[in-house]
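Peer 1:
2 protein chains.
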Amino acid sequence: MSNNWKKHFSETAKRSRPSPVREVLKVLGQPGMISFAGGMPAPEVFPVEQFAEGAELLRTQGTTLLQYGTTEGYTPLREFLAKWTAPRLGRETSLDEVLLTTGSQQLLDLFGWAMIDPGDVIIMEDPTYMAAINAFANHGASFAAVKMDEDGMVVSHLPALIEHIRNEEGRKVKAIYTIVNFQNPAGATMSVERREELVKIADRYGLVILEDDPYGYVRFDGNHLPSIFSFDKAGNTIYAGSFSKILSPGVRIGWVSGDKDIVRQMAIFKQALDLCSSPITQVLTYEYCRKGYLDAHLPKIIDNYRTKRDAMEVSFKKHLAPLGMSWVKPKGGFFFWLDTGAIDSNELTRRALEKKVAILSGAAFCVNPEAGGHSARVNFTHSSPEVIEEGVARLAQAVQEMKIPA
Amino acid sequence: MSNNWKKHFSETAKRSRPSPVREVLKVLGQPGMISFAGGMPAPEVFPVEQFAEGAELLRTQGTTLLQYGTTEGYTPLREFLAKWTAPRLGRETSLDEVLLTTGSQQLLDLFGWAMIDPGDVIIMEDPTYMAAINAFANHGASFAAVKMDEDGMVVSHLPALIEHIRNEEGRKVKAIYTIVNFQNPAGATMSVERREELVKIADRYGLVILEDDPYGYVRFDGNHLPSIFSFDKAGNTIYAGSFSKILSPGVRIGWVSGDKDIVRQMAIFKQALDLCSSPITQVLTYEYCRKGYLDAHLPKIIDNYRTKRDAMEVSFKKHLAPLGMSWVKPKGGFFFWLDTGAIDSNELTRRALEKKVAILSGAAFCVNPEAGGHSARVNFTHSSPEVIEEGVARLAQAVQEMKIPA
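Protein sequence lines correspond, in order, to chains A and B.
FYI, in the numbering used here the residues of the first sequence are 40 to 445.
FYI, in the numbering used here the residues of the second sequence are 40 to 445.
#1: Using DSSP bridges, identify the partner residues of A:ARG258.
#2: With DSSP as the reference, please indicate the residues paired to B:GLU164 in a beta bridge.
#3: Would you say B:PHE182 and B:ILE161 are within 8 Å of each other, going by their C-beta atoms?
#4: Opposite A:ARG217 in the DSSP bridges: which residues?
#5: Between A:ALA153 and B:ALA52, how many whole angstroms is the CB-CB distance? I'm expecting something under 8 Å.
#6: When Cβ atoms are compared, which residues of the region 278-297 of chain B fall closer than 7 Å to chain A?
#7: Considering just the uninterrupted stretch of the alpha helix (DSSP H) at B:GLY151, what are its terminal residues?
#8: So what does B:ILE277 bridge to, in DSSP terms?
#9: Along the beta strand (DSSP E) that carries A:VAL417, what are the first and last residues, could you check?
#10: Would you list, in chain order, the members of the region 143-167 of chain A that have their beta-carbon closer than 7 Å to a beta-carbon of chain B?
#11: In three-state terms, what does DSSP make of B:VAL137?
#12: By Cβ distance, which residues of its chain are closer than 7 Å to A:ASN418, with the 5 residues on each side in sequence left out?
#13: Pairs of beta-carbons, one from the region 343-355 of chain B and one from the region 127-135 of chain A, closer than 8 Å: are there three or more?
#14: Should B:THR102 be flagged as near chain A, meaning a C-beta pair shorter than 8 Å?
#15: Would you tell me roughly how many angstroms separate the C-alpha atoms of A:ILE382 and A:LEU359, rounded to the nearest one?
#16: Skipping 5 residues on each side, what residues in its chain have a beta carbon closer than 8 Å to that of A:GLN89?
#17: Taking C-beta pairs closer than 9 Å, name the residues in chain A that B:GLY245 reaches, listed in chain order.
#18: Please confirm whether B:ASP300 has its beta-carbon closer than 8 Å to some beta-carbon of chain A.
#19: A:GLY293 lies in the alpha helix (DSSP H); which residues open and close that run?
#20: A:ASN275 and A:ASP242: beta carbons closer than 8 Å?
#21: What residues from the region 310-332 of chain B come within 8 Å of chain A, judged by C-beta to C-beta, listed N to C?
#22: Using a C-beta to C-beta distance shorter than 7 Å, which residues of chain B count as neighbours of A:GLY213?
#23: Does the beta-carbon of B:GLY158 have 16 or more other beta-carbons within 10 angstroms, so that it is buried, or is it exposed?
#24: Below 8 Å on the Cβ atoms is my contact criterion, and I expect A:GLY112 with A:LEU146 to pass it. Report the Cβ-Cβ distance as a whole number of Å.
#25: Within 8 Å (strictly less), CB to CB, does B:GLU50 reach chain A?
#26: Given that a residue counts as buried once 16 or more other Cβ atoms are within 10 Å of its Cβ, and exposed if not, what is A:ARG390?
#27: Would A:PRO82 be called buried (16 or more neighbouring beta carbons within 10 Å of its own) or exposed?
#28: Can you tell which of B:GLU164, B:PRO70, B:VAL426 has its C-alpha closest to the C-alpha of B:HIS196?
#29: Of all the CB atoms in chain B, is at least one closer than 8 Å to the CB of A:THR132?
#30: Whole alpha helix (DSSP H) runs in the region 83-122 of chain B with 4 or more residues, listed along the chain?
#31: Whole angstroms are fine: how far does the CA of B:ILE307 sit from the CA of B:ALA435?
#32: If you drop the 5 nearest sequence neighbours on each side, which residues of the same chain put their C-beta closer than 7 Å to that of B:MET441?
#33: Would you kindly work out how many angstroms separate the C-alpha atoms of B:PRO198 and B:ILE240, rounded to a whole number?
#34: Reducing DSSP to helix, strand and coil, say where A:ALA391 ends up.
#35: Is B:THR379 close to chain A, meaning its C-beta is less than 8 Å from at least one C-beta of that chain?
#36: Excluding the 5 residues preceding and the 5 following B:LEU376 in the sequence, name in chain order all residues of the same chain whose CB lies nearer than 7 Å to its CB.
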């Protein structure tokens with residue numbers, strides 16, 4: 040068969056790489072495999088019964104649910120979010136400041152369409168969410184990495200970095216991307232002082248900020264912090280939220296709150312991407328939220344995941360600390376970030392799979408894929424404490440075998 | 040408020056235009072407005088009860104429906120489509136030849152990602168689906184237009200056109216895009232002879248074909264024709280289908296059948312676009328299909344729309360023929376394509392809105408937006424025969440007033 044497809048692939052396609060997560064996911068179905076690899080909510084915390092209460096709407100509002108929806112999203116759900124996010128955003132946003140997206144992943148692509156020209160520099164935490172790297176890279180972005188510590192992005196490094204990129208490299212810095220709470224994968228949360236400082240820096244240098252916050256409502260310890268958005272009176276920050284971690288990834292609903300010019304421009308692009316998101320999942324999600332179920336359910340999710348986080352730390356202390364490993368204990372979110380010390384984490388990931396436990400090497404999350412070879416992301420939300428203990432024990436076994444010269 | 044957003048918009052954003060449909064849609068909510076503007080299914084043909092039967096799955100399979108799905112789509116639905124499309128495609132496709140997309144609109148964007156480099160030429164029928172023009176233009180495509188007659192794209196014009204673009208203009212032709220049945224907006228269906236000829240031309244010139252067929256199963260007269268895909272033994276054609284016109288646009292499910300290399304590449308891009316489509320709508324759609332409801336329901340849709348098409352033609356003959364207008368009577372699909380003769384269709388569209396009837400001027404559908412000024416797309420699926428008669432009468436009134444010198 041003569042095949043023209045590969046020959047005709049775009050340059051972007053030729054550059055694209057399947058996600059390493061995707062490759063790991065393929066073997067997760069193997070019997071006995073314990074997965075700490077994904078970022079999936081626990082099935083037992085899905086509010087199946089409460090969500091299913093809305094099923095009657097498939098009948099009673101069937102003709103609305105089965106029809107096209109508006110590109111901006113189901114208006115009552117946008118209104119709900121405008122109110123519900125007010126405590127975090129510092130004010131109630133107006134309807135033309137809220138756009139619903141097909142998962143918050145689509146927001147990243149829409150941001151790319153609206154903002155990124157080939158060669159533009161996006162400043163990212165390093166490590167960061169791999170599918171944000173991919174989404175922006177598709178649009179031709181290049182990246183500048185800022186390191187993190189326990190208080191999140193070290194924003195004091197930004198001025199010198201921005202000036203270097205502009206003046207020494209002659210490149211255009213477009214935006215700063217941050218996963219502000221319980222960062223994926225590194226677990227850090229940006230301090231309030233740094234949030235305020237970041238807003239000032241963006242304003243001084245004429246940059247915009249994409250504040251990505253899929254995990255923000257899943258906090259185990261301490262109080263919620265005001266968003267970067269709430270400090271930004273100049274409107275240079277847009278805030279991205281998601282139902283994936285607090286209700287269901289299956290509804291495929293994220294949202295963006297922010298300046299109406301960028302929201303409108305994203306809506307124009309969304310027309311070409313998928314016309315609209317599904318009214319079925321938007322109406323069902325609104326029905327769930329309208330009844331107050333979302334707020335009532337969050338504590339259950341948080342308790343479930345806190346227990347698992349703590350269980351994983353106990354197992355880490357028992358099995359991995361003696362092997363010289365350390366980690367960041369997150370105050371929320373889905374992941375531990377493991378420092379594998381002298382151990383090559385790419386090799387560890389391969390060996391762990393042989394022991395039937397899946398983790399992701401840090402390399403997948405680094406702007407520079409050569410980096411991250413001594414760290415790994417370990418998910419705790421999707422396994423029971425018993426499975427967590429067994430999985431960490433297997434991981435320790437894999438480490439021990441690597442330490443014994445073959 | 041100092042605002043950096045517009046200042047920082049990408050070049051693609053600066054080029055982008057909101058769809059004229061979008062602007063018309065804004066006034067459709069006005070009381071008394073009759074809309075022939077959209078391409079929406081009729082609410083009364085939605086199989087609300089049968090689709091809602093699956094609602095119990097929100098409980099019984101809740102943890103699957105609320106979780107992330109695979110990027111390629113829900114496997115049972117892909118298997119169903121591989122079988123269901125076999126008569127049209129000439130063979131049963133394998134699982135790795137089928138990808139589900141978030142509406143068939145997403146397929147157009149995925150095609151752009153996988154295939155289009157800036158400046159690549161896509162050969163399109165002119166007029167064509169406006170959101171395909173937008174989706175490809177976002178990726179930097181340029182366009183070459185081929186005219187249509189009652190047998191669809193005049194494929195005999197292709198060799199000279201392709202050679203001209205290559206040899207005279209020095210540009211790269213990538214693909215041929217065709218809406219093969221009941222073309223949107225022009226209504227024509229490509230003859231079998233031309234389908235076969237098109238495959239030969241694509242093979243001879245090393246091009247690929249995107250066969251877009253959202254309306255193909257909505258045929259009022261005559262027999263279904265074999266797809267272009269079915270003639271293409273070299274695998275240069277991919278076939279795009281959609282549930283939007285045959286079941287529901289609200290499920291946001293389209294699919295593409297074709298070569299596994301391009302399907303795999305599109306799946307890699309889909310990860311960055313929205314990770315996966317909603318398992319909720321995919322599982323509900325599969326449940327509906329599994330029970331045989333889709334095949335049983337199609338005749339109802341077809342009867343409903345045939346009646347409306349015929350009603351619209353009666354009204355056209357009564358009101359518009361005497362005013363010197365003509366039209367293409369489609370054998371299926373959603374639209375009449377009206378030749379407005381000497382009348383400027385952009386002006387007619389504006390005047391018609393004042394009479395509370397909405398149509399879309401041909402300009403919206405033309406690769407060259409200066410063209411299409413004497414044609415209009417008129418939808419018949421969404422209004423009752425009575426409303427159709429009233430709307431066409433109003434349209435005629437608008438025409439008559441344009442003919443009277445002010």
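Quick reminder that beta carbons are idealized off the backbone N, C-alpha and C, glycines included.
Peer 2: Let's see:
#1: Translated into positions along the first sequence, residue 258 of chain A becomes position 219. Partner(s): A:GLY371.
#2: Numbered from its first residue, the second sequence carries residue 164 of chain B at position 125. According to DSSP, B:GLU164 bridges with B:VAL185.
#3: The residue you call residue 182 of chain B lines up with position 143 of the second sequence. The residue you call residue 161 of chain B lines up with position 122 of the second sequence. In this structure, B:PHE182 sits near B:ILE161, with a CB-CB distance shorter than 8 Å.
#4: Along the first sequence, read from residue 1 onward, the residue named residue 217 of chain A stands at position 178. The question names Arg, but residue 217 of chain A is Thr in the sequence shown. DSSP lists A:GLU250 as partners of A:THR217.
#5: Against the first sequence, residue 153 of chain A aligns to sequence position 114. Against the second sequence, residue 52 of chain B aligns to sequence position 13. Right, the Cβ-Cβ distance comes to about 5 Å (below 8 Å), so this counts as a contact.
#6: SER287, PRO288, GLY289, VAL290, ARG291
#7: Here residue 151 of chain B refers to the residue found at position 112 when the second sequence is read from its first residue. Where B:GLY151 is concerned, the enclosing alpha helix (DSSP H) stretches over 142-154.
#8: The sequence position of residue 277 of chain B within the second sequence is 238, counting from 1. Paired residue(s): B:LEU249.
#9: For this step, residue 417 of chain A is matched to residue 378 along the first sequence. Per DSSP, A:VAL417 belongs to the beta strand (DSSP E) from 414-418.
#10: GLN144, GLN145, ASP148, TRP152, ALA153, MET154, ILE155, ASP156
#11: Stepping through the second sequence from its first residue, residue 137 of chain B is reached at position 98. It is a strand residue.
#12: Taking the first sequence and counting its residues from 1, one reaches residue 418 of chain A at position 379. Excluding residues within five positions, the ones whose Cβ falls inside 7 Å are PHE75, ALA76, GLY77, GLY78, PHE373, PHE374.
#13: no
#14: Start at 1 with the first residue of the second sequence, and residue 102 of chain B comes out as number 63. Cβ-Cβ to chain A under 8 Å: yes for B:THR102.
#15: Here the question's residue 382 of chain A lines up with position 343 in the first sequence. Here the question's residue 359 of chain A lines up with position 320 in the first sequence. Going from the Cα of A:ILE382 to the Cα of A:LEU359 covers about 12 Å.
#16: Locating residue 89 of chain A in the first sequence gives position 50, where the first residue counts as 1. Same-chain partners within the cutoff: TYR327, LYS330, TYR332, HIS336.
#17: Along the second sequence, one-based indexing puts residue 245 of chain B at 206. Per Cβ cutoff of 9 Å: SER41, ASN43, LYS46, HIS47.
#18: Counting from one through the second sequence, the residue named residue 300 of chain B turns up at place 261. Among the residues facing chain A, B:ASP300 is included, as its CB has a counterpart in that chain under 8 Å away.
#19: One-based indexing of the first sequence puts residue 293 of chain A at position 254. Where A:GLY293 is concerned, there is no enclosing alpha helix (DSSP H), although the beta strand (DSSP E) it sits in stretches over 292-296.
#20: As a first step, residue 275 of chain A is located in the first sequence; it is residue number 236 there, counting from the start. As a first step, residue 242 of chain A is located in the first sequence; it is residue number 203 there, counting from the start. For A:ASN275 and A:ASP242, yes; Cβs fall inside 8 Å.
#21: So the list reads GLN310, ALA311, LEU312, ASP313, LEU314, CYS315, SER316, SER317, PRO318, ILE319, THR320, LEU323, given in the order they occur along the chain.
#22: In the first sequence, the residue the question calls residue 213 of chain A occupies position 174. The amino acid at residue 213 of chain A is misidentified as Gly; the sequence shows Lys. Result: HIS47.
#23: The sequence position of residue 158 of chain B within the second sequence is 119, counting from 1. Label assigned to B:GLY158: exposed.
#24: Residue mapping note: residue 112 of chain A aligns to position 73 of the first sequence, counting from 1. Residue mapping note: residue 146 of chain A aligns to position 107 of the first sequence, counting from 1. About 12 Å separates the two Cβ atoms, so there is no contact after all.
#25: Residue 50 of chain B sits at position 11 when you count from the first residue of the second sequence. So yes, B:GLU50 belongs to the interface.
#26: As a first step, residue 390 of chain A must be located in the first sequence, where it is residue number 351. Label assigned to A:ARG390: buried.
#27: Position 43 of the first sequence holds residue 82 of chain A. Here A:PRO82 is exposed: its Cβ has fewer than 16 other Cβ atoms, across all protein chains shown, within 10 Å.
#28: Position 157 of the second sequence, counted from the first residue, corresponds to residue 196 of chain B. Minimum Cα distance to B:HIS196 is reached at B:GLU164.
#29: Counting from one through the first sequence, the residue named residue 132 of chain A turns up at place 93. Not an interface residue.
#30: 87-91, 96-99, 101-104
#31: As a working mapping, residue 435 of chain B is identified with position 396 in the second sequence. As a working mapping, residue 307 of chain B is identified with position 268 in the second sequence. Answer to the nearest angstrom: the Cα atoms are 50 Å apart.
#32: Here residue 441 of chain B refers to the residue found at position 402 of the second sequence. So the list reads ILE382, GLU386, LEU387, ARG390, once near-sequence residues are dropped.
#33: Residue numbering aside, residue 198 of chain B sits at position 159 when the second sequence is read from its first letter. Residue numbering aside, residue 240 of chain B sits at position 201 when the second sequence is read from its first letter. Going by the C-alpha atoms only, they are around 7 Å apart.
#34: Working through the first sequence from its first residue, we reach residue 391 of chain A at position 352. If DSSP states are grouped into helix, strand and coil, A:ALA391 belongs with the helices.
#35: Within the second sequence, numbered from 1, the residue matching residue 379 of chain B stands at position 340. Cβ-Cβ to chain A under 8 Å: no for B:THR379.
#36: Residue 376 of chain B sits at position 337 when you count from the first residue of the second sequence. The question names Leu, but residue 376 of chain B is Trp in the sequence shown. Contacts found: PRO224, ALA225, GLY226, TRP366, VAL367, SER414, ARG416.
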